[in-house]
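Visitor:
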Amino acid sequence: MLVTYLEASRDLCETDSILFGAAVAVCRIIGAKLPMAGRATTQSSAIPAWRKRIEDRIAKARALIGRLTSFRSGNNRPRIMRTVRMAFAGTNISLSQPDITQKLTERIDDLKQKIAAWGKRIRRFTDRSRRFNQNRLFQSDQKRLYKSLERPKVCGAGQGPDQADIIAFWRGLWSEPVNHSEGPWMEAVASQGASVTPMDPITVTPEDVAEAVRRAPNWKSPGLDGLHHYWLKGFIVCHAVLARQFQEALDQKSLPSLFTTGITHLVPKDQDTTDPSKYRPHHVSTHHI
Numbered sequence: 001m002l003v004t005y006l007e008a009s010r011d012l013c014e015t016d017s018i019l020f021g022a023a024v025a026v027c028r029i030i031g032a033k034l035p036m037a038g039r040a041t042t043q044s045s046a047i048p049a050w051r052k053r054i055e056d057r058i059a060k061a062r063a064l065i066g067r068l069t070s071f072r073s074g075n076n077r078p079r080i081m082r083t084v085r086m087a088f089a090g091t092n093i094s095l096s097q098p099d100i101t102q103k104l105t106e107r108i109d110d111l112k113q114k115i116a117a118w119g120k121r122i123r124r125f126t127d128r129s130r131r132f133n134q135n136r137l138f139q140s141d142q143k144r145l146y147k148s149l150e151r152p153k154v155c156g157a158g159q160g161p162d163q164a165d166i167i168a169f170w171r172g173l174w175s176e177p178v179n180h181s182e183g184p185w186m187e188a189v190a191s192q193g194a195s196v197t198p199m200d201p202i203t204v205t206p207e208d209v210a211e212a213v214r215r216a217p218n219w220k221s222p223g224l225d226g227l228h229h230y231w232l233k234g235f236i237v238c239h240a241v242l243a244r245q246f247q248e249a250l251d252q253k254s255l256p257s258l259f260t261t262g263i264t265h266l267v268p269k270d271q272d273t274t275d276p277s278k279y280r281p282h283h284v285s286t287h288h289i
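Here the sequence shown stands for residues 1 to 289, numbered as in the UniProt record's numbering.
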């Protein structure tokens with residue numbers, strides 16, 4: 001079925017839509033979750049699942065300590081009584097026994113010790129995770145590792161700049177024409193390049209496409225199309241169509257806007273999160289095979 005649609009595709013935009021639809025169909029068949037908002041990947045929560053579970057335990061334990069302390073102070077409201085009974089469920093402790101105050105104190109101390117142990121576990125796991133990520137980053141990108149060690153982390157939780165200010169600032173940098181001063185050396189370089197033999201015409205083959213997607217990361221953040229490299233590797237039948245359409249784009253010396261438009265993430269440089277000039281742009285483009 002996919003071959004039929006691909007053969008009828010007229011350009012790269014249609015092929016991209018067909019492949020995205022095929023990827024969605026596969027995900028629905030296998031029951032995978034689909035983040036469909038805008039077809040672009042969003043930043044996932046920075047809190048790992050294991051840490052969230054432990055923090056939930058700590059929150060519940062603190063709430064229980066508050067209820068037990070309130071009961072020990074003489075609060076006999078039905079909700080408090082129900083919580084205290086649940087706290088001592090499965091034990092031989094009765095709320096009417098004479099030493100119930102001591103039992104409450106012991107139970108509160110036990111919960112406080114558990115909270116302290118869980119807090120140490122979070123710190124231990126966090127340190128281990130940081131060391132693991134730093135070791136892995138050292139193997140893949142040492143420059144990025146050293147920058148992360150030298151530059152303190154910046155919290156971007158403050159109020160962001162106005163959207164109109166952001167657009168105006170970056171449009172002034174990227175959209176305004178620039179007049180370069182071309183000296184005599186430019187003419188000298190141009191005359192030297194006149195004798196250079198032109199490059200032979202390029203012929204894009206399905207093997208070239210297969211080799212390009214083979215080296216690409218599977219789940220690297222995609223561009224506006226939302227299509228990961230994983231699907232380009234899996235849908236082998238699309239390689240011939242992509243090769244033909246890329247060849248047509250080269251011959252016509254034009255690319256659709258899908259391949260020239262991307263997503264720009266702005267990362268704050270310092271604590272001043274209201275100034276558009278205090279952000280570092282990270283651009284995510286559509287796959288360039």
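Where is the CB? At the ideal position from N, CA and C, for every residue including glycine. From a predicted model like this one, the values you see are computed outputs, not experimental measurements.
What are the start and end residues of the beta strand (DSSP E) that includes V178?
Guide: Neither: V178 is in no beta strand (DSSP E) and is coded neither H nor E.
Visitor: Does the structure place the stretch 233-251 close enough to the stretch 195-210 that three or more beta carbon pairs sit under 8 Å?
Guide: Yes: at least three Cβ pairs fall under 8 Å.
Visitor: What did DSSP end up calling G74 once you bin it into helix, strand or coil?
Guide: Coil, per DSSP.
Visitor: Whole angstroms are fine: how far does the CA of A59 sit from the CA of P96?
Guide: Per the sequence shown, residue 96 should be read as Ser rather than Pro. Distance between the alpha carbons of S96 and A59 is about 28 Å.
Visitor: For I47, count neighbouring Cβ atoms within 10 angstroms of its own Cβ and tell me buried if that reaches 16, exposed if not.
Guide: Answer is exposed; the Cβ neighbour count stays below 16.
Visitor: In terms of residues, what are the limits of the alpha helix (DSSP H) holding G262?
Guide: Segment 262-268 is the beta strand (DSSP E) holding G262; no alpha helix (DSSP H) there.
Visitor: As an exercise, report each continuous alpha helix (DSSP H) stretch of at least 4 residues that is fully enclosed by the stretch 114-152, in chain order.
Guide: The qualifying runs are 142-150.
Visitor: Note down, in chain order, each residue of its chain lying with its Cβ closer than 8 Å to the Cβ of D200, except the 5 sequence neighbours on either side.
Guide: Counting only Cβ-Cβ distances below 8 Å, and skipping sequence neighbours, we find nothing.
Visitor: What is the C-beta distance between A87 and R107, in whole angstroms, given that I count them as a contact (C-beta under 8 Å)?
Guide: Between R107 and A87 the Cβ distance is about 6 Å, and since that is below 8 Å, they are a contact.
Visitor: Under DSSP, the alpha helix (DSSP H) around M199 begins and ends at which residues?
Guide: Careful: M199 lies outside any alpha helix (DSSP H) and carries neither H nor E.
Visitor: Flag M1 as yes if its beta-carbon sits less than 8 Å from any beta-carbon of chain D, otherwise no.
Guide: Among the protein chains of the structure shown there is no chain D, as only one such chain exists.
Visitor: Grab me the residues of L255's own chain with a C-beta within less than 6 Å of its C-beta, minus the 5 sequence neighbours each way, in chain order.
Guide: Contacts found: A249.
Visitor: Whole angstroms are fine: how far does the CA of D127 sit from the CA of K220?
Guide: Their Cα atoms are separated by approximately 26 Å.
Visitor: CA-CA distance, D272 and P161?
Guide: Computed Cα separation, rounded: 10 Å.
Visitor: Among P281, R51, D99, which residue has its Cα nearest to the Cα of R171?
Guide: Comparing Cα-Cα distances from R171 to each of P281, R51, D99, the minimum goes to P281.
Visitor: Beta-carbon separation of L111 and I166 under 8 Å?
Guide: It is not a contact, given that the beta carbons lie outside the stated cut-off.
Visitor: Would you give the residue range spanned by the alpha helix (DSSP H) that residue 360 belongs to?
Guide: One cannot answer for residue 360 here, as it falls past the ends of the chain, which runs 1 to 289.
Visitor: If we ignore side chains and look at the alpha-carbon of each, how far apart do V196 and V189 end up?
Guide: For V196 and V189, the distance between alpha carbons rounds to 11 Å.
Visitor: Please state whether DSSP places H228 in a helix, a strand or coil.
Guide: DSSP places H228 in coil when its eight states are reduced to three.
Visitor: Consult DSSP for P98 and reduce its assignment to one of helix, strand or coil.
Guide: P98: coil per DSSP, three-state reduction.
Visitor: Just mark I18 as buried or exposed, buried being the case when its beta carbon has 16 or more other beta carbons within 10 Å.
Guide: Buried.
Visitor: From T101 to I122, what does the alpha carbon distance come to, in whole angstroms?
Guide: Computed Cα separation, rounded: 32 Å.
Visitor: Is P281 helix, strand or coil by DSSP?
Guide: Three-state result, P281: strand.
Visitor: Just curious, the alpha helix (DSSP H) that W185 is in, first and last residue?
Guide: Start and end: 184-193.
Visitor: Taking the beta carbon of C238 as the centre, do at least 16 other beta carbons fall within 10 Å, making it buried, or is it exposed?
Guide: Per the 10 Å Cβ criterion, buried.
Visitor: Return helix, strand or coil for L6, following the three-state DSSP convention.
Guide: Of the three classes helix, strand and coil, the one that applies to L6 here is helix, per DSSP.
Visitor: Excluding the 5 residues preceding and the 5 following A23 in the sequence, name in chain order all residues of the same chain whose CB lies nearer than 7 Å to its CB.
Guide: Excluding sequence neighbours, A23 sits near L227, W231.
Visitor: Which of the three DSSP states, helix, strand or coil, is assigned to T41?
Guide: Summary for T41: the model assigns pLDDT 48, below 50, so the residue's position carries little reliability; its value from the coordinates is reported in the next sentence. Residue state, collapsed to three classes: coil.
Visitor: Alpha carbon to alpha carbon, how far is V178 from D56?
Guide: Between V178 and D56, the C-alpha separation is close to 55 Å.
Visitor: If you drop the 5 nearest sequence neighbours on each side, which residues of the same chain put their C-beta closer than 8 Å to that of K269?
Guide: The answer, listed in chain order, is V154, K278, Y279, R280.
Visitor: For M1, which of helix, strand or coil comes out of DSSP?
Guide: Three-state DSSP puts M1 in coil, outside helix and strand.
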